[in-house]
Amino acid sequence: MCCAAMATVAPPLTFLLLLLQVADGSFPEEPSPLSYAPLEVVRRYPVFVGRAHPSALRQELHIQTVLQVNRTLYIGARDDLYRVELDNMAGDEMFYSKKRTWESNKNDIRGVQNEGEARECRNYIKVLLSHHDGLFVCGTNAFNPLCANYTRDSLEMAGESVSGMARCPYDPRHANVAVFADGSLFTGTVTDFLAIDAVIYRSLGDSPALRTVKHDSKWFREPYFVSAVEWGPHIYFFFREMAMEFHHLEKVMVSRVARVCKTDLGGSQRVLEKQWTSYLKARLNCSVPGDSHFYFNLLHATSGVLHMQGRDVILGLFSTPPNSSWPTCSRGDSRNRNRRNPSGPPCPTNWCPNHVQGSRFSSSNSLPDEVLNFVKTHPLMDETVPLLGHRPWVVRTMGRYQLTTMVVDTEAGPHKNRTFLMVPSGEPVSHSSVFLEEVEGFNPEKCGEDTPQARQLLSLLLDRSSHTLLLAFPSCLVRVPTSRCHLHARCMKSCLASRDPYCGWTRGQHLLLPQTRNPQDVEYGNTTSHLGDCDGRLQQNEHAMRLLACLLLLLLLHTETKYRNSLHLVGHIPHYKRPVPLKEHCVLIRRKL
Numbered sequence: 000m001c002c003a004a005m006a007t008v009a010p011p012l013t014f015l016l017l018l019l020q021v022a023d024g025s026f027p028e029e030p031s032p033l034s035y036a037p038l039e040v041v042r043r044y045p046v047f048v049g050r051a052h053p054s055a056l057r058q059e060l061h062i063q064t065v066l067q068v069n070r071t072l073y074i075g076a077r078d079d080l081y082r083v084e085l086d087n088m089a090g091d092e093m094f095y096s097k098k099r100t101w102e103s104n105k106n107d108i109r110g111v112q113n114e115g116e117a118r119e120c121r122n123y124i125k126v127l128l129s130h131h132d133g134l135f136v137c138g139t140n141a142f143n144p145l146c147a148n149y150t151r152d153s154l155e156m157a158g159e160s161v162s163g164m165a166r167c168p169y170d171p172r173h174a175n176v177a178v179f180a181d182g183s184l185f186t187g188t189v190t191d192f193l194a195i196d197a198v199i200y201r202s203l204g205d206s207p208a209l210r211t212v213k214h215d216s217k218w219f220r221e222p223y224f225v226s227a228v229e230w231g232p233h234i235y236f237f238f239r240e241m242a243m244e245f246h247h248l249e250k251v252m253v254s255r256v257a258r259v260c261k262t263d264l265g266g267s268q269r270v271l272e273k274q275w276t277s278y279l280k281a282r283l284n285c286s287v288p289g290d291s292h293f294y295f296n297l298l299h300a301t302s303g304v305l306h307m308q309g310r311d312v313i314l315g316l317f318s319t320p321p322n323s324s325w326p327t328c329s330r331g332d333s334r335n336r337n338r339r340n341p342s343g344p345p346c347p348t349n350w351c352p353n354h355v356q357g358s359r360f361s362s363s364n365s366l367p368d369e370v371l372n373f374v375k376t377h378p379l380m381d382e383t384v385p386l387l388g389h390r391p392w393v394v395r396t397m398g399r400y401q402l403t404t405m406v407v408d409t410e411a412g413p414h415k416n417r418t419f420l421m422v423p424s425g426e427p428v429s430h431s432s433v434f435l436e437e438v439e440g441f442n443p444e445k446c447g448e449d450t451p452q453a454r455q456l457l458s459l460l461l462d463r464s465s466h467t468l469l470l471a472f473p474s475c476l477v478r479v480p481t482s483r484c485h486l487h488a489r490c491m492k493s494c495l496a497s498r499d500p501y502c503g504w505t506r507g508q509h510l511l512l513p514q515t516r517n518p519q520d521v522e523y524g525n526t527t528s529h530l531g532d533c534d535g536r537l538q539q540n541e542h543a544m545r546l547l548a549c550l551l552l553l554l555l556l557h558t559e560t561k562y563r564n565s566l567h568l569v570g571h572i573p574h575y576k577r578p579v580p581l582k583e584h585c586v587l588i589r590r591k592l
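The sequence shown begins at 0 in numbering that gives the first Met the number 0 and counts up one residue at a time.
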């Protein structure tokens, strides 16, 4: 029996929280980057704008979600689902190999038009998951969400569509998360047009359908779902919501992690019937220590579960409200923080949740009503999930841009012992950091309109096989290389001084393998004075830097030294070109297959 409601708030799973934005003089300013990627290089990045061939008309995409399965990229947009082959790219544009249109039902469109919401009567694809050998897709369908299974190759619908209620939001502007685990679909979304009823819901598997308690502010209060991950016997949901535990006149937004058991069977027929008995939530506490803690309450993104420094961790991106501030925090082990918050009815006399573990109850629906009532009225844990190391890892101040997403490479560097966190950024600030380079990601000439809405970064994927990043914006998808070693191909000093973990200096080889000794000085790249000078370096362009909007910040976490870190912002060119045969040259680090 898995009874997380009576268990601990979190097993030994660590949270590393990247906080962002602080307009406070106590935080230091970061030096300028070592170099800048010129705009003429940015304009050559390959872009997807919804075309099958160069002569076709570009489409108004309204991209919502992106999924990579092996060497294929699936793009969920407005009314359309695209299949793009990542290995069949030529030139400066990516084309789709298959497109499937899934428009809203005509009856549902008429209903929306009658209610005066014709602007959003389209079918926005909000859920796109790999499921068995196919795809599971959900769309808003003119405020009457539907879900269906599709084949991967032909994008044909397999079977009939089913209701998307509690699986997909009604409005494309509402946040949602979804993950398959043990054959069941776990979702975090809203179940109504007005987004009043927020829910964590399990469906489609052999286990009974379960949901969170309806219209109970102790369970949810205006949540904004960020991510959902599977780990062990649980599903973790990360979100932010209005706090109920503070007695303030104004609303206070805080970040949470909630957990449910995958094998939860629900409560009895009297209490918590068809509802979670294992639901727990706790506040994520990322703050700057001092006489009065400075809290960073807004969670923007998380990674999946990573294995770093001998433990499982999740990286999180945090900030304060807009026009305020940012650092990097790490989350510690919270396995012993199992006391529920005293808000609400007190714990029954001589009974606490820990007493149920290892007891005679074989499943959650056989628990006594007294236990279930306590579970229902005490979902919030008393203690917060604390910092790992008791202080921020990295601090960034005076940010020009809102950071909303990130991607992680846990096997970077020549020895695969570097972990890089890549986030869209402006001018980073950190302790013990090196700011390598700025590079623009959004191309208004190819992507169309140049507005704040068009520049919103929806997702960021790392394609390790091609050493590229996939940046999804509402109107386009841009492919950005993670290395540009050929700029340093003829000069060892330039190669080492670049401190690019994806490049290394080699003798008589075209590819640098991880076993090569001392191929790149990532940590001390500035100790190259004995190597002489290089000609033809990339010139810095301060004016171009001021025009940048979507920048790539790579956070290097030294896995061999606990809590030590550096910052890297690396520029790129559109294609990696094999250098001309030389006895010595700077080449791309590749892993042995």
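Heads up, the beta-carbon is just placed ideally off N, CA and C, and yes, glycines get one too.
#1: For residue 258, list the residues DSSP reports as bridge partners.
#2: Determine the extent of the alpha helix (DSSP H) in which residue 496 is found, giving its start and end residues.
#3: If we ignore side chains and look at the alpha-carbon of each, how far apart do residue 98 and residue 135 end up?
#4: What is the DSSP secondary structure of residue 201, counted as helix, strand or coil?
#5: Could you tell me which whole alpha helix (DSSP H) segments of length 4 or greater appear in the region 90-159?
#6: Label residue 268 either buried or exposed according to how many other C-beta atoms from any shown protein chain fall within 10 Å of its C-beta, with 16 as the threshold for buried.
#7: For residue 110, which residues of its own chain have a beta-carbon under 6 Å away from its beta-carbon, when the five flanking residues on both sides are left out?
#8: Do you know how far the Cα of residue 235 is from the Cα of residue 275?
#9: Could you name the residues that DSSP lists as bridge partners for residue 170?
#10: Taking the C-alpha atoms as reference points, what is the distance between residue 442 and residue 502?
#11: Where residue 312 and residue 54 are concerned, what is the direct C-alpha to C-alpha distance, given to the nearest angstrom?
#12: Could you give the distance in angstroms between the alpha-carbon of residue 169 and the alpha-carbon of residue 58?
#13: Answer yes if the region 185-194 comes into contact with the region 156-169, meaning at least three C-beta pairs across the two stretches below 8 Å, and no otherwise.
#14: How many angstroms separate the CA atom of residue 369 from the CA atom of residue 265?
#15: Does any residue of chain C bring its CB to less than 7 Å from the CB of residue 169?
#16: Relative to the C-alpha of residue 96, which residue among 80, 102, 242 is closest?
#17: Report all residues from its chain with a CB closer than 7 Å to the CB of residue 78; omit the five preceding and five following residues, and keep chain order.
#18: Do residue 270 and residue 226 have their C-beta atoms within less than 7 Å of each other?
#19: According to DSSP, what are the bridge partners of residue 187?
#20: Per DSSP, what kind of secondary structure is residue 60 in: helix, strand or coil?
#21: Taking the beta strand (DSSP E) that residue 79 falls in, what are its first and last residues?
#22: Closest by CA to residue 607, which one among 290, 296, 452, 467?
#23: Is the separation between the beta-carbon of residue 147 and that of residue 107 shorter than 7 Å?
#24: Can you tell me whether DSSP reads residue 311 as helix, strand or coil?
#25: Using the Cα positions of residue 285 and residue 316, report the straight-line distance between them to the nearest angstrom.
#26: So, using beta-carbon positions, are residue 480 and residue 411 closer together than 7 Å?
#27: At what residues does the alpha helix (DSSP H) containing residue 470 begin and finish?
#28: Could you pull the start and end residues of the beta strand (DSSP E) that residue 475 belongs to?
#29: Around the C-beta of residue 364, are 16 or more other C-beta atoms found within 10 angstroms, so that it is buried, or is it exposed?
#30: Do residue 279 and residue 255 have their C-beta atoms closer together than 7 Å?
#31: Based on the DSSP secondary-structure assignment, which residues constitute the bridge partners of residue 210?
#32: Give me the Cβ distance between residue 260 and residue 299, rounded to the nearest whole Å; I'm assuming they're in contact under 8 Å.
#33: In whole angstroms, what separates the C-alpha of residue 453 from that of residue 82?
#34: Among 409, 473, 301, which residue has its Cα nearest to the Cα of residue 308?
#35: Using a Cβ-Cβ cutoff of less than 6 Å, which residues in the same chain neighbour residue 200 once the five nearest sequence positions on both sides are dropped?
#36: Compare the Cα-Cα distances from residue 219 to each of 205, 206, 240 and report the closest residue.
Answer, in terms of the structure:
#1: 235, 279
#2: 491-497
#3: Using only the alpha carbons, I get a separation of about 16 Å.
#4: strand
#5: 105-113
#6: exposed
#7: Excluding its 5 nearest sequence neighbours in each direction, residue 110 has no C-beta neighbour in its own chain below 6 Å.
#8: Roughly 14 Å separates the two Cα atoms.
#9: Answer by DSSP bridge pairing: none, since residue 170 is not bridged.
#10: 26 Å
#11: 47 Å
#12: 24 Å
#13: yes
#14: 15 Å
#15: As a matter of chain content, chain C is missing from the structure shown, which is built from one protein chain.
#16: Ranked by how close their Cα comes to the Cα of residue 96, the residues 80, 102, 242 have 80 in first place.
#17: 100, 101, 102, 121, 122
#18: no
#19: 176, 199
#20: coil
#21: 79-84
#22: Residue 607 is absent from the model: the chain starts at 0 and stops at 592.
#23: Contact: no.
#24: strand
#25: Answer to the nearest angstrom: the Cα atoms are 10 Å apart.
#26: no
#27: Run containing residue 470: none in the alpha helix (DSSP H); it sits in the beta strand (DSSP E), 467-472.
#28: 475-480
#29: buried
#30: no
#31: 200, 274
#32: The Cβ separation is near 27 Å, so there is no contact.
#33: Straight-line Cα distance between these residues: approximately 22 Å.
#34: 409
#35: 165, 186, 210
#36: Put simply, of 205, 206, 240 the residue whose alpha carbon is nearest the alpha carbon of residue 219 is 240.
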